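Chains as they are written, first to last, in my numbering: chain W, 1 to 424; chain L, 1 to 652.
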């Protein structure tokens, strides 16, 4: 048990150091991607993005002004509000189309008025972190196995709702945040390890439960290997009734020829995005092709260039060196976030800081892995960089909350929370 | 503990970050060149081909009989034809604000096309199905050839296929205006084949048809990507279009650039030289015929007049006729007339009506495809060969009492009592009894070998599909019948014309209809000596020019008083059981009066004529007057032509 020392409250502003270059990078990349037809001037997309940033900055300022702690008192109602919105989306197909429009086979947005569309799952990420931190702050029962039931329930409900949209990418964020926050709060490592093992054993169940197109998307991580595809194309050695090894994985409701063509045309169909994004990343080389000049931007060879795959455009334009700077920015955000967590001794502030910096870090990691073919292709945006209001809003709101954690003077007389070193 | 745990967490998070960085090093630095090459491939654009102009078919003076006229066609993207979902989604992005579904927009565009072209929507649907089926079939063929499923170029969703063809300028302007809002419909320039020769040339130009799999397999240009047949190409299916296919066919144009505008050199021509970037389309060459359109029209009109006057509808028996004119020195076909005929530019509906006429059968190409028993027209040839073989002596006389065997009066008859008949009179009066004897002496195999020397029973050299048949075995009775041109013995009017040209010149030569025919057509001089030819020609002279000849007289050929030229000929009345009436034949040629017994292959005026009037009756009574008129036409035409060409600097 140590006494905290007075720490300067301005350190939270250091977070803006990586955030500002990332946002600017996003703006100029969007300009490169969408500004092909015009000569000079900002395009409509860029203007929109700047508006998003300004609005989000305003929201961030308000969040700093209110302070995370006062917001924390509202964390349960906020969480429930977001849950209601998600339930609304889950029943979206019975609601009017103007309220919950179906876009690319999933319902993720709720339309409020003619201009504003919000994505409840983006808000849910923050509401969830606040609620979980609020739940964990004064307890220690999660150090028992039974005590873990409540936090897991708190996580699985929004996860299930978001999965039903379906939005696999956002779902993938929740579990790392939960584990990181629990671990930081002092849950026992062996308990978490047991749960992770159990989760791994449940993976086959998960595999059986998802749709075949989602399976193919997950399988893309390994199918990008030419050698493996060639191997699967050959008939199996011992099972004589199968035309190819690939056929073994065929879902029962799929035609043999259709399934075969999924593999044969993988590079132009299911794997098309991945192949293109790898080509874009790879062709950047060490120093990149320069702003606007690369062919992927010129001929729109990449899908979702200003959104999910914006990192591919960045790495094509500025090469390995540019990419390294982007990664360093995220590393800086996570380390500064964690550093802020250690500076306060308010248990709620600590968990919020850990949760929010993990959220940004993991989200960036998932997006980057997807772009380079290390992870499945999901609709996770790159925080601060990708185009989109909801994403920008939730990212800058996280930063605002982090700054607000740093601004709150530590309660010097209090015990440092989550120190269970002496206990069994 | 909290700080320690955060450090552990940072280390855990650092692991995937390091993996990510390593992956980036691998992608961008180690394997960078591979992905750069891959990115280059993304710039690839498939080649665009442009249609060529098919060569024209002209008559000997350069008047066009068939040509490609500019036209426009309405093309629709393949993605819309097969209703490819992804493609429709992409199209839908053109109307971001519209609540209307893309399916309805497409329906609307079909409606507009149907209204513009007056083709029903069902018919349009049928056309689309045909295009899609054709492409699917072709895909199967290609896949079969490669042993695995191949994605062919025609399957590209954004490639458009012609649904409506042959729009004129006005329709094109209207279509462009009305269809501009639908990005999947294009109005593109193309060509449409026009046939301007009229009924007189009827069957001659033939037809174009879509290439079959067989054509593609046997294509001699298969290794030239710009000249080879591809799916949906048109090729000559019949007539001159088929005969001159290689000559008429041009070479497609090409635009093959990547997205950056750099030429792609993946294609290679026959010699293996790469074809890069842009290639202008090459028009096909003009196919010049030896036919003279003016002469052909005059001959056709004269023959048509007789056919119409004696058709079953006007109380006669004639169902059709044919006339062939040959230039004897060169064996070029000057006119190739089949009667009745049709307009070669007929539409499909008109063509169906033409095919329904089962009495006159206008679709039959009588001059080349149809064969008839030659009747007495073969007698000069039989006589010449028998004289050469020594089976008949030049001064031999055979008695004709109308019947070969008085006991069997219904068979082996002659037209009259000719009494003592020498070879010349036998020709002049067309005595059957004389030739029964000749045939019996020659026997079928000898006769067949001689007939073949005169070009009967084998291709004439024109290059089109021909009829005609000569038996090679048979009894004595058969031999007798062959000698008077009956039994299973068939010739086409073209073969008959060449036969008489052979008699006129003493040498056989394949005929041609192509003015620039590069094939050597060497003359084959027959072994028959000049004195025998003289006997035969004397007989043919007397047929037209002396009393007692089957074509002599004002009511018959009426061509015995020209001061410079003389017509030698032979009539024929070929029995065609079960029909009561015989086919009326006349074959003959023009020679100079001063030396009409010599070989007639020197002058322009040496023209051979074969004329048949189906079920016309007696050759002398029916065919000879028509032939006389035709010969006068020929003379007027050739003399006029000579004067014109003399004025223009003489004949080449």
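By construction, the Cβ of each residue, glycine as well, lies at the ideal position given by its N, Cα and C atoms. Since the structure is predicted, the reported quantities are computational estimates derived from the model, not experimental observations.
Thinking C-alpha only, which one of 287/W, 400/W, 303/W is nearest residue 278/W?
303/W
Whether residue 502/L touches residue 330/L by CB criterion (9 Å):
no
Nearest-angstrom Cα distance between residue 372/L and residue 196/L?
30 Å
Cβ-based contacts, 7 Å cut-off: residues of the region 256-273 of chain L near chain W:
So the close ones are 259.
Does the CB of residue 329/W have a neighbour CB from chain L at under 9 Å?
It does not: the Cβ of residue 329/W has no partner Cβ on chain L nearer than 9 Å.
Quick one: complete alpha helix (DSSP H) runs, 4+ long, within the region 144-180 of chain L?
169-179
Which same chain residues end up closer than 7 Å to residue 233/W when comparing Cβ atoms and leaving out the 5 residues on each side of it in sequence?
244, 246, 263
Exposure label - residue 355/L; buried when at least 16 CB within 10 Å:
Exposed, by the Cβ-count rule.
Option in 248/W, 111/W, 68/W, 24/W with minimal Cα separation from residue 235/W:
248/W
Status (buried if at least 16 other CB within 10 Å, exposed otherwise) for residue 314/L:
exposed
Using a C-beta to C-beta distance shorter than 9 Å, which residues of chain W count as neighbours of residue 31/L?
In chain order: 282.
Whole angstroms is fine: what's the gap from residue 640/L's alpha carbon to residue 605/L's?
12 Å
In chain order, what residues of the same chain have a beta carbon less than 6 Å from the beta carbon of residue 163/L, not counting five sequence neighbours either side?
74, 76, 127
Are residue 226/L and residue 188/L touching if we call contact CB-CB under 9 Å?
Between residue 226/L and residue 188/L, the C-beta gap is not smaller than 9 Å, which leaves the two residues out of contact.
In the structure shown, what three-state DSSP assignment does residue 116/L receive?
helix
Residue-level contact to chain L via CB, residue 416/W, 9 Å cutoff
Closer than 9 Å: yes.
Please list the residues of the region 293-323 of chain W that have a C-beta atom closer than 9 Å to any C-beta atom in chain L, keeping them in chain order.
294, 295, 296, 298, 299, 301, 315, 316, 319, 320, 323
Listing by chain order, which chain L residues have their CB less than 8 Å from the CB of residue 285/W?
28, 29, 32, 36
Mind checking residue 438/L: buried by the 16 CB within 10 Å criterion, or exposed?
buried
Going by the DSSP bridge assignment, what does residue 123/W pair with across the sheet?
BP columns for residue 123/W are empty, so no partner.
Under 9 Å between beta-carbons, which chain L residues line up against residue 111/W? List them in chain order, please.
None at all; the shortest Cβ gap to chain L is about 14 Å.
For residue 340/L, collect the residues of the same chain with a Cβ closer than 7 Å to its Cβ; drop the 5 residues on either side in sequence, then sort them by chain order.
Exclusion of the five residues before and after residue 340/L leaves 304, 307, 320, 360, 362 as the residues of its chain whose Cβ lies within less than 7 Å of its Cβ.
For residue 592/L versus residue 566/L, is the C-beta distance shorter than 9 Å?
yes
Sort out for me which residues DSSP pairs residue 251/L with in a bridge.
282/L
Please check the pair residue 435/L and residue 426/L, which I expect to be a contact at CB under 8 Å, by giving their CB distance rounded to whole angstroms.
7 Å
Of all the CB atoms in chain W, is at least one closer than 9 Å to the CB of residue 16/L?
yes
Classify residue 556/L as buried or exposed, calling it buried when 16 or more other Cβ atoms lie within 10 Å of its own Cβ.
buried
For the region 186-214 of chain W, list every residue whose C-beta sits within 8 Å of some C-beta in chain L, in sequence order.
186
Are there 16 or more other CB atoms within 10 angstroms of the CB of residue 41/W, so buried, or fewer, so exposed?
exposed
Run of the alpha helix (DSSP H) containing residue 494/L, from where it starts to where it stops:
493-505
Proximity below 9 Å, CB of residue 335/L to CB of residue 299/L:
By the CB criterion at 9 Å, residue 335/L and residue 299/L fall inside the cutoff.
Relative to chain L, which residues along the region 84-108 of chain W have a C-beta separation below 8 Å, given in chain order?
none
Residues near residue 79/L in its chain [Cβ-Cβ closer than 6 Å; skip 5 each side]:
87, 157
Alpha carbon to alpha carbon, how far is residue 11/L from residue 187/W?
18 Å
Within the same chain, show all residues whose beta-carbon is closer than 6 Å to that of residue 178/W, passing over the 5 residues directly before and after it, in chain order.
155
Can you grab the Cα-Cα spacing for the pair residue 4/L / residue 332/W, in whole Å?
About 19 Å.
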